[in-house]
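A short write-up of the structure that comes next.
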Amino acid sequence: LVSDDVIANVTVDPAKTGKVELHMEFTPPGGSLLQVTSVVGNLIPSDTALSTIILWFEKDGSNHFHYDVSVPTPGTWTLEFDATLEDGSTALYTTPVTFES
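Just so we're aligned: 123 in the working numbering is position 50 of the sequence shown, and the numbers increase by one with no gaps anywhere.
Structure follows, in structure tokens:
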């Protein structure tokens, strides 16, 4: 995924209901010298009867973040997240994620 020239490599493991790890690695313009300082987001279900899951990613190292989440139902959810860079700028990402049962 790319937003404002910041590349986000996102891994969802496993893409199934139950416990899931979301892992992200960012590459800002000019390489990894510019640090992503925080990432927050939402996992939004397609079924409006379900609640949005708020995501507060933990920093794992230089431009690496993860979050462990429990996905209650299968289907296509929307993962949206904001990455804040050390210069105060932000990059917004949105992508569909399909979870199997």
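Glycine included, each C-beta is placed from N, C-alpha and C at the ideal position.
If you're wondering where the values come from, they're calculated on a predicted model, not measured in any experiment.
Which residues DSSP lists as bridging residue i, in chain order
i: F154; result: G114, Y166
i: S76; result: V79
First through last residue of the beta strand (DSSP E) which encompasses residue i
i: A88; result: Neither: A88 is in no beta strand (DSSP E) and is coded neither H nor E.
Own chain, CB closer than 7 Å to residue i, minus 5 neighbours either side, in chain order
i: V85; result: V93, L95, V170
Same chain only: Cβ atoms within 8 Å of residue i, ignoring 5 sequence neighbours per side
i: H139; result: E94, L95, H96, M97, F130, E131, D133
Of the listed residues the options, nearest to residue i (C-alpha basis)
i: V79; options: P147, S119, G148, F154; result: F154
i: V144; options: A122, N82, A81, A88; result: A88
i: T90; options: V142, A164, A156; result: V142
i: S174; options: D120, A156, G148, D160; result: G148
i: F99; options: G161, D160, S162, A156; result: A156
Residue i (DSSP reduced to helix, strand or coil)
i: F130; result: coil
i: L95; result: strand
i: S143; result: strand
i: E173; result: strand
i: T149; result: strand
i: T100; result: strand
Cβ shell of residue i (< 6 Å), same chain only, five flanking positions each side left out
i: T167; result: E153
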